[in-house]
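First up is the structure itself, then whatever we jot down about it.
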Amino acid sequence: MRWVVKFESLKMEINTPALEVHNLTASYNRKPVLWDIDFQLPQGQLIGIVGPNGSGKTTLLKSIMGLMEPDSGYVNLFGKKLDDVRERVSYVPQRESVDWDFPASVFEVVQMGRYRKSNLFRRMSTVDREITTRSLEKVNMLEYARRQISQLSGGQQQRVFIARSLAQQADIYLMDEPFVGVDAATEESILALLTEMKEQGKTVVIVHHDLQTAYEYFDWIVLLNTRLVAAGPKDEVFTSDLLQEAYGGRLTVLSRIGDLIAKKDFPLRESAFKEKEGRGDG
Amino acid sequence: MDKLLEFLSFQDPNVRVVAFGTIFLGMSAATVGTFAFLRKRSLVGDAVAHAILPGIAIAFMLFQTKNPFVLMSGALVSGWLAMLLIEHLSKSTKLKPDTSIGLVLSVFFGVGILLLTSIQHSGAGNQAGLDQFLFGKAAAMTQNDLLAYGIVALILLITVALFFKEFKLLSFNPAFAEASGLPVKRLQFILSTITVLAISIGIQSVGVVLMAALLITPAATARPWTENLLMMMVLAGLAGGFSGLVGSFISFTAPNMPTGPWIVMCLSFLALFSLFLAPKKGILARIQQQRQNRKKILSENLLKAFYHLRENNPETDTFSNLQLLRKRHFSQSEYQTALSRLRRNFYIMPKGEKWQLSEKGYEEAKRVVRLHRLWEMYLTERMRLKADHIHPNAETIEHIITPEIEAQLLRELDYPETDPHQSPIPYPRN
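If you're matching them up, the sequences are chains A and B in order. Okay, so the first sequence: first residue is 6 according to this note's numbering, each after it adds one. Okay, so the second sequence: first residue is 468 according to this note's numbering, each after it adds one.
Written as structure tokens, this is what we have:
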């Protein structure tokens, strides 16, 4: 009978959402940028987080990665807390978030994907080097391995960041605007790579601002404008009503309330309603 | 010369202590300072150096001793406090980072001076020399001090070696480090602590006022010479150590000369030297590059004059100075520069009073004209510029286009026959 139990738990593992965002509220410089965001994303899909400028896409990604403290709500990955599944999660920050005039080579930067808590003050192993090399190969940057990162073009920088993320060998990838400043050919090859990752069962979540290509690129779409407009399979989300709702401007009352909270130093959530604890069994 | 030999023989134990002390301090400050420089925390370093003063004064008042470990502990505490305060102020108030740095620096330093003055007037017997923390007191370093600072310097270097790759990631992309699950808070704590430590021992040689120079200048000096972090750190360490040596030598030969300011002078000189002479990024290299560009532009323009003359009368390849200068205006010196460069490359040869375009020169001239006309095509076809607006643009860009870009242009435009003005685009012979 044991295999039945095992099968059941395996099925549960597959059915667990890759990402669950529960009632997440977050602010930047005291000003609320995300209001009660609540959605679940399935495993093994290519998912776009889409919305106009300033709609909180990057903040959402940073909150998921634990880079900022939300005012309320929690995030579960594969049904667990982030700290319990760190090694299964990979993050690609925005290309402009670092100074590329840093003294390092392409290989060094991609190898940073192998840095872990478990190899603190240890040297990189041969396995690490091999994985680094293969990750560079996947984004067609192996010939640039010795190149200084200050000499790279925008598209090459982006590919270096993606290679670094591949080197983490995760199950879910969260990428912040990987198509910005990239030429058409590179965009196509990155997309092909992401599709390949999806086919291997990885979950890929992309922050994307280009509405033109969003429908074509993704299977699932999260439509965001400081509040969640919709999340689901693209055909359900990409309706003219919902798009109008997301791109038709801010909700006036909501943003006035946000301004008041920032100006008068009100709390965004009373302490009894923070819902910080996940139900997750992690 | 004798003085130099005497100094370098390190016979005098006093000389030995001072020289090795300043070298150690210079090297450890430079090593740790490299991270401060790359993390763009140079000003924080300056503020922390100033903020150390009250810590030293209070430690002295409490324990009435000048034991280096006691004073260092005081320095560490107040340096740390300053660093936390700067961070806290810029995070939880509306103050911008530069304001909070300025605030913390002046408040701490003011308090430090205040305490120091009151100690001076208290008449306690052993307070002499405490004010030397302002500008450093390398010459008064004792064997005991050297031992203490040597130990601290060693701890610093070992820490940097142990956490080298983590500090590298932390300096390059802290958000990614945190997302990877590295203990970023703890690493930052360690890095800040060794920075404060390096500052608190460094002030021994240059004092709080000049400490930022010892921390940051070596890194700035090293940066343009390498693209490898470890190499940069080694070069910075060498610059810091060498300056320490020079500073102590100068105060050895001229005992009235203060060591600290001379260390800083030497560092600044090295930084200036680096700014001018560094390959690629240095001022001299850029001037050189601009001169090269100017010569290239001049000679290519003259070559085009040859081409246009020949385009109009195909039966000859030999032209006079007058013909050439009528085709395109050059000043006398520009004309000479261009001519001699073309001759050196065997693009043209003298023929009596005139100049003959060689086969090689003709091909090169065709290349420049081709780039000009290709670029005009690109401007009209891709950028939708009007045909009467494209010439000035193409006059510049023709000198810039590389063979790879030329190939790409040819592919994108599908090997056009003529330019927008219907002039033929010349292709290589085969």
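The beta-carbon is built from N, C-alpha and C at its ideal position, and this holds for glycine as well.
Measure the beta-carbon distance from residue i to residue j and round it to whole angstroms, keeping in mind my assumption that it falls under 8 Å.
i	j	result
serine 899 of chain B	alanine 518 of chain B	Past the edges of chain B, shown from 468 to 897, lies residue 899 of chain B, and the structure says nothing about it.
proline 47 of chain A	asparagine 640 of chain B	Rounded, the Cβ-Cβ distance is 30 Å, inconsistent with contact.
alanine 805 of chain B	alanine 497 of chain B	That pair is no contact at about 47 Å.
methionine 73 of chain A	alanine 31 of chain A	6 Å
leucine 824 of chain B	phenylalanine 743 of chain B	Incorrect: roughly 41 Å between the Cβ atoms, too far for contact.
serine 638 of chain B	leucine 472 of chain B	Not confirmed; about 42 Å, so no contact.
isoleucine 754 of chain B	glycine 500 of chain B	Not really, about 29 Å apart at Cβ, beyond 8 Å.
alanine 679 of chain B	alanine 516 of chain B	6 Å
valine 227 of chain A	valine 55 of chain A	7 Å
leucine 66 of chain A	leucine 179 of chain A	6 Å
cysteine 733 of chain B	valine 713 of chain B	4 Å
alanine 526 of chain B	glycine 541 of chain B	3 Å
glycine 53 of chain A	histidine 213 of chain A	5 Å
arginine 777 of chain B	glutamate 830 of chain B	Between glutamate 830 of chain B and arginine 777 of chain B the Cβ distance is about 12 Å, and since that is not below 8 Å, they are no contact.
alanine 267 of chain A	arginine 35 of chain A	5 Å
glutamate 280 of chain A	asparagine 28 of chain A	5 Å
Nearest-angstrom Cα distance between residue i and residue j?
i	j	result
methionine 608 of chain B	arginine 690 of chain B	31 Å
aspartate 286 of chain A	glutamine 45 of chain A	At aspartate 286 of chain A the pLDDT is 42, less than 50, meaning the model places this residue with poor confidence; the figure from the coordinates comes in the next sentence. If I take the Cα positions, the gap works out to 16 Å.
lysine 62 of chain A	leucine 216 of chain A	14 Å
arginine 795 of chain B	glycine 828 of chain B	18 Å
valine 210 of chain A	tyrosine 222 of chain A	11 Å
threonine 847 of chain B	glutamate 192 of chain A	26 Å
isoleucine 262 of chain A	glutamate 275 of chain A	16 Å
aspartate 479 of chain B	alanine 605 of chain B	15 Å
serine 735 of chain B	glycine 488 of chain B	20 Å
leucine 552 of chain B	valine 242 of chain A	47 Å
arginine 284 of chain A	phenylalanine 271 of chain A	Bear in mind that a pLDDT of 46 at arginine 284 of chain A, under 50, signals an unreliable position, so the model cannot answer this.
isoleucine 431 of chain B	serine 194 of chain A	Here chain B comprises residues numbered 468 to 897, so residue 431 of chain B is not present and cannot be evaluated.
lysine 771 of chain B	arginine 851 of chain B	26 Å
lysine 470 of chain B	valine 676 of chain B	30 Å
asparagine 481 of chain B	leucine 681 of chain B	23 Å
leucine 259 of chain A	proline 37 of chain A	10 Å
methionine 6 of chain A	threonine 21 of chain A	Any reading at methionine 6 of chain A must be qualified, since the residue scores a pLDDT of 48, below 50, and its modelled position is unreliable; no value is offered.
leucine 529 of chain B	glutamine 587 of chain B	15 Å
serine 476 of chain B	leucine 621 of chain B	24 Å
leucine 789 of chain B	asparagine 768 of chain B	16 Å
phenylalanine 600 of chain B	leucine 583 of chain B	10 Å
isoleucine 815 of chain B	glutamate 826 of chain B	9 Å
Suppose contacts are defined by Cβ-Cβ distances below 9 Å. Is residue i in contact with residue j by that definition?
i	j	result
tyrosine 293 of chain A	alanine 646 of chain B	Nothing about residue 293 of chain A can be reported from this structure: the residues present for chain A run from 6 to 287 only.
arginine 100 of chain A	alanine 172 of chain A	no
serine 110 of chain A	arginine 152 of chain A	yes
leucine 841 of chain B	leucine 880 of chain B	yes
leucine 273 of chain A	serine 102 of chain A	no
leucine 958 of chain B	isoleucine 523 of chain B	No statement about residue 958 of chain B is possible, as the shown extent of chain B runs from 468 to 897 and does not include it.
lysine 143 of chain A	alanine 175 of chain A	no
glycine 749 of chain B	isoleucine 666 of chain B	no
threonine 783 of chain B	leucine 737 of chain B	no
leucine 664 of chain B	leucine 543 of chain B	yes
threonine 200 of chain A	leucine 39 of chain A	no
serine 155 of chain A	phenylalanine 83 of chain A	no
isoleucine 177 of chain A	alanine 23 of chain A	yes
leucine 256 of chain A	threonine 231 of chain A	yes
isoleucine 764 of chain B	valine 836 of chain B	no
glycine 648 of chain B	methionine 494 of chain B	no
phenylalanine 184 of chain A	threonine 218 of chain A	yes
phenylalanine 491 of chain B	leucine 613 of chain B	yes
phenylalanine 602 of chain B	glycine 707 of chain B	no
glutamate 865 of chain B	histidine 888 of chain B	no
phenylalanine 634 of chain B	leucine 697 of chain B	no
glutamate 820 of chain B	serine 787 of chain B	yes
threonine 293 of chain A	glutamine 161 of chain A	With chain A covering 6 to 287 only, the question about residue 293 of chain A has no answer from this structure.
Taking C-beta pairs closer than 8 Å, name the residues in chain E that residue i reaches, listed in chain order.
i	result
phenylalanine 630 of chain B	Protein chains in the displayed structure are A and B, and chain E is not among them.
Three or more C-beta pairs closer than 8 Å, one from the region 225–235 of chain A and one from the region 248–259 of chain A: is that the case here? yes
Determine contact between the region 88–105 of chain A and the region 604–618 of chain B, defined as no fewer than three beta-carbon pairs at a distance below 8 Å. no
Touching or not, the region 120–139 of chain A and the region 716–728 of chain B, by the rule of three or more beta carbon pairs under 8 Å? no
Give the list of continuous alpha helix (DSSP H) stretches no shorter than 4 residues that lie fully inside the region 199–287 of chain A. 216–222, 239–242, 245–252, 257–269
Unbroken stretches of the beta strand (DSSP E), 3 residues or longer, contained in the region 665–725 of chain B: none
With a cut-off of 8 Å, do at least 3 Cβ pairs link the region 693–705 of chain B to the region 656–675 of chain B? no
Whole alpha helix (DSSP H) elements within the region 601–662 of chain B, 4-residue minimum: 610–629, 631–639, 641–646
Fully enclosed by the region 768–820 of chain B, which alpha helix (DSSP H) runs are 4 residues long or longer? 788–794, 799–811
Threshold first: 4 residues or longer. Then list the alpha helix (DSSP H) segments lying entirely within the region 83–142 of chain A, N to C. 111–116
At what residue ranges does the region 26–92 of chain A contain a whole run of the alpha helix (DSSP H), taking only runs of 4 or more? 62–69
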